[in-house]
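**Q** Each residue of the sequence shown is one higher than the one before, starting from 365 at the first, in this note's numbering. Each residue gets a CB set at the ideal place from its N, CA and C atoms; glycine is no exception. Okay, here's the structure, questions in a sec.
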Amino acid sequence: MSDLPEEQLPAAVTNPLRWFPEFWMMGQRRLRSQARLLGLALVVGVVAGVGAIVFFVGMDWVFHETLEAWAGYRPHHPGGEPPLFVAHDEHPLRPWLLAVIPALGGLLSGLLVYTVAPEAEGHGTDAAIAAYHLHHGVIRPRVPIVKIIASAITIGTGGSGGREGPIAQSGAGFGSFVGGLLRLRPADRRVLMAAGMGAGVAAIFRAPLAGALFAAEVLYRSPDFESEVIIPAGLASVTAFCTFAAAFGSQPLFTIPDEIMAALKFGSPIELLPYLALAMWSAVLAMLYTRVFYGTTQAFRSLPIIPHLRPMLGAAVTGLIGVALYYALGHEQRALAVMSSGYGILQDAMVLTGPGEDSMKLALLLLIVAAGKLLTTSLTIGSGGSGGVFGPSMVIGGCGGGALGVVLHRVAPDIVPHPACFVFVGMAGFFSAAAKTPFSTLVFVSEMTGNYNLLLPTLWVCTISFLLADEQSIFSSQVDKRSNSPAHRGDYVRDVLVGMTVGQHLHPRESLPLVAPGDPVAKVLAALDGTRYQLLPVVDRDGNLTGMLPVDELQAAAFSPNALALLVAADLMRTDLVPLRPTDSLDLALEQFVEDDVLALPVVDGGDAKRLLGIVERSDISRAYLRQVHGPAA
């Protein structure tokens, strides 16, 4: 009960009849300002889910028609993801084709990407992060389409890459497209783009909560979150997951037998000691991964060949490494997990790392696959091939953790009762250190495996590996913290401008050289003498705004005497500028200036006719900011 006297309590507390109206009004206030953005997030989620379906089917079809049909390569699949297409006539594995097919896939991918959309090269999540921080959330519409096709070819033909990159970039691309189509503010377009990124990841990995957290966490190397992204990303992730699940079911990606699942749990605090060793091992592996990845990327960029051919070279070496490991380990087909997605080795490791296995042989296999996957991913993606880095990171971390778990179980079986626990936790710890995303990764692994019994040791390993790893991230476009993001530099300016309105800095229409839509350009040029304004308002006979005429367009027209005699103001004016209202705050005006990239904007009275009141200049906002910060003398 509250200690306040009854007369000081809100009316809604003392009068139950007012509860519902109060709740209704509170919901209206909370949702009214965000209803449009949240509704669009739901739509973006559905499209991201459809994109995930298209990509998954395309990738599986390419794999079926190339590696399976030609090379006879039929790897194990995750338990929750059986192959979509019926196998061709059975024939033995042809290892030599495993070096040829990836090279052909790399060639096709490289030609497509570097000819149509060079932004689609590499791992797409990093490109989406860069668009958020540096480009106001703008991604060219063609990029997601090219990314999906190129990644399906790259991964389907044996290149080592993950699914999150293409589907994150495609979801982000649709969010950006919707934001641009509806002329959303840059801040809202960035949020919608990030929500699409999280939705795509949520769908392809069947991890809706992780997708929402990932969208907010992956933007920064520090523990900063993009808080305004979480709710829209949550809605988008749910609809994306449901869309994908409608086609392929909602079961976790990996399936574990009940008897093994029962053994995968946390027993006592003493078990945190071997998990501490896993955290340190994950941090070391992650630092090695980022250095090899970006070292390889730089090496390929320095090669004296056209970029279109680099993915072919990287994929060819990837195939050669896979074939070499296959023969070196005595025709061990599981070694080929260094190619394509490689999820089958994780499914095997979760089941086969039991105490009764040939432990040291299995540990050696897992360690070799982890090292090989680290190298082949760097070659495939670092050369410009199209794919993601999350899936390979799961294989590297899971196999590396499983190898350590097998060894520790042999040394101290009492505190490491089941090595498969280290496969689960190693997946999360490694990517937390490599991508600087400890909390979303923890949830990812739990949702992908359907196992929540290891949350405590996973949280322990994720946080420690994150703290022990250096600042180098697998996502080079991440920034240190929110205050360093170019997307938020204006926030601090806007804080200073709060409370000031456009009307306080209005240049009234009486002081402006007004232009009619039918005025010949020659007449307007003659009237330019004595004016300093860079955009002239174009108004109709009733004084209503019809557009803004850029002075530089007039000056360009002056150099074409033949066109000059034919053009009128309406031919050159801009009609895409969003007018301001006198009551609009200066921080909103500043954002509109950035969006339209102009030096002046019109101000109207807000009615349907948009009667022109005057203009406001960008320099007025700059002076207002300086006066507010440095005093009237500024």
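Have a look at 807, 902 and 958 and flag the residue whose alpha-carbon is nearest the alpha-carbon of residue 850.
**A** Here the closest residue by C-alpha is 958.
**Q** Nearest-angstrom Cα distance between residue 661 and residue 783?
**A** C-alpha separation (whole angstroms): 34 Å.
**Q** Taking DSSP as the reference, what is the three-state secondary structure of residue 838?
**A** Looking at residue 838 - three-state DSSP - the assignment turns out to be coil, as it is neither helix nor strand.
**Q** State the Cα-Cα distance for the pair residue 895 and residue 953, rounded to the nearest angstrom.
**A** When rounded, the distance between both Cα atoms is 23 Å.
**Q** State the CB to CB distance for the pair residue 878 and residue 915, rounded to an integer number of angstroms; the pair is presumed to be in contact (CB under 8 Å).
**A** Going by Cβ atoms, the distance from residue 878 to residue 915 rounds to 14 Å, so no, they are not a contact pair.
**Q** Relative to the alpha-carbon of residue 562, which residue among 412, 424 and 450 has its alpha-carbon at the smallest distance?
**A** Comparing Cα-Cα distances from residue 562 to each of 412, 424 and 450, the minimum goes to 412.
**Q** Can you name, in chain order, every residue of its own chain whose Cβ lies under 6 Å from the Cβ of residue 358, other than the five neighbours on each side?
**A** In this structure the chain extends from 365 to 998, so residue 358 is not present and cannot be described.
**Q** Measure the CB-CB distance between residue 558 and residue 593 and report whether it falls below 8 Å.
**A** Taking 8 Å as the Cβ cut-off, residue 558 and residue 593 qualify as a contacting pair.
**Q** In three-state DSSP terms, what is residue 912?
**A** Of the three classes helix, strand and coil, the one that applies to residue 912 here is strand, per DSSP.
**Q** Spatial neighbours of residue 613 within its chain, please: C-beta separation below 8 Å, excluding the five flanking residues on both sides.
**A** For residue 613, where only same-chain residues beyond five positions count, the Cβ hits under 8 Å are 444.
**Q** How far does the alpha helix (DSSP H) with residue 931 in it reach, from first residue to last?
**A** From DSSP, residue 931 is part of no alpha helix (DSSP H); its letter is neither H nor E.
**Q** From this set, 732, 714, 704 and 674, which residue's C-alpha is nearest residue 696's C-alpha?
**A** When each option's Cα is compared against that of residue 696, the closest is 732.
**Q** Could you tell me how far apart the beta carbons of residue 744 and residue 986 are, in whole angstroms, since I believe they sit closer than 8 Å?
**A** Rounded, the Cβ-Cβ distance is 48 Å, inconsistent with contact.
**Q** Which one of 512, 510, 620 and 702 has the shortest CA to CA distance from residue 785?
**A** Nearest option by C-alpha distance: 620.
**Q** Here's the rule I'm using: 16 or more other beta-carbon atoms within 10 Å means buried, otherwise exposed. How should residue 692 be labelled?
**A** Flag for residue 692 reads exposed.
**Q** Under 8 Å: do the region 802-818 and the region 570-584 share three or more Cβ pairs, one atom per stretch?
**A** Result yes; three or more Cβ-Cβ pairs closer than 8 Å.
**Q** Which value, in whole angstroms, describes the spacing of the CA atoms of residue 704 and residue 757?
**A** So the two alpha carbons sit approximately 13 Å from each other.
**Q** What I want to know is whether the C-beta of residue 650 ends up closer than 7 Å to one or more non-hydrogen atoms of the ligand MN.
**A** Ligands in the displayed structure: none, and consequently the ligand MN is not present.
**Q** To which residues of the same chain is residue 779 closer than 7 Å at the C-beta, ignoring the five residues directly before and after it?
**A** Here the set comprises 634, 635, 637 and 638.
**Q** Under the rule that 16 or more other beta-carbon atoms within 10 Å means buried, what is residue 980, buried or exposed?
**A** Under this definition residue 980 is a buried residue.
**Q** To the nearest angstrom, how far is the alpha carbon of residue 507 from that of residue 406?
**A** Each residue's alpha carbon lies about 22 Å from the other.
**Q** At what residues does the beta strand (DSSP E) containing residue 731 begin and finish?
**A** Premise fails: residue 731 lies in the alpha helix (DSSP H), 723-746, not in any beta strand (DSSP E).
**Q** With a threshold of 8 Å on Cβ separation, who are the neighbours of residue 728 within its own chain once the five nearest residues in sequence on each side are excluded?
**A** Cβ neighbours of residue 728 beyond the five flanking positions: 767.
**Q** Taking only three categories from DSSP, how would you classify residue 753?
**A** If DSSP states are grouped into helix, strand and coil, residue 753 belongs with coil.
**Q** Can you tell me where the beta strand (DSSP E) holding residue 900 begins and where it ends?
**A** Taken as a continuous stretch (DSSP letters only), the beta strand (DSSP E) holding residue 900 covers 899-903.
**Q** Per DSSP, what kind of secondary structure is residue 695 in: helix, strand or coil?
**A** Three-state result, residue 695: coil.
**Q** Alpha carbon to alpha carbon, how far is residue 943 from residue 978? Give it in angstroms, no decimals.
**A** Their backbone Cα atoms lie some 10 Å apart in a straight line.
**Q** So, are the CB atoms of residue 659 and residue 749 less than 8 Å apart?
**A** In this structure, residue 749 does not lie closer than 8 Å to residue 659 by Cβ.
**Q** Have a look at residue 441 and residue 712 and give me their C-alpha separation to the nearest angstrom.
**A** Distance between the alpha carbons of residue 441 and residue 712 is about 9 Å.
**Q** So, with DSSP's three-state summary, where would you put residue 780?
**A** In this structure, residue 780 counts as coil in the three-state DSSP scheme.
**Q** Just to confirm the assignment, what range does the beta strand (DSSP E) spanning residue 968 have?
**A** First-last of the beta strand (DSSP E) with residue 968: 964-968.
**Q** Here's the rule: buried if 16 or more other CB atoms are within 10 angstroms of the residue's CB, otherwise exposed. What is residue 869?
**A** Buried is the call here.
**Q** Looking only at its chain, what residues have a beta carbon closer than 7 Å to the beta carbon of residue 826, apart from the 5 residues adjacent to it on each side?
**A** Cβ within range, chain order: 792, 793, 796, 802, 805 and 806.
**Q** Can you grab the Cα-Cα spacing for the pair residue 439 / residue 485, in whole Å?
**A** Rounded to the nearest angstrom, the two C-alpha atoms are 27 Å apart.
**Q** Using the Cβ count rule (16 or more neighbours within 10 Å means buried), how would you classify residue 365?
**A** Note that residue 365 has pLDDT 45, beneath the 50 cutoff, so the model's placement of it is unreliable and the number below is only indicative. Exposed, because fewer than 16 other Cβ atoms sit within 10 Å of the Cβ of residue 365.
**Q** Here's the rule: buried if 16 or more other CB atoms are within 10 angstroms of the residue's CB, otherwise exposed. What is residue 478?
**A** With 16 or more other Cβ atoms within 10 Å, it is buried.
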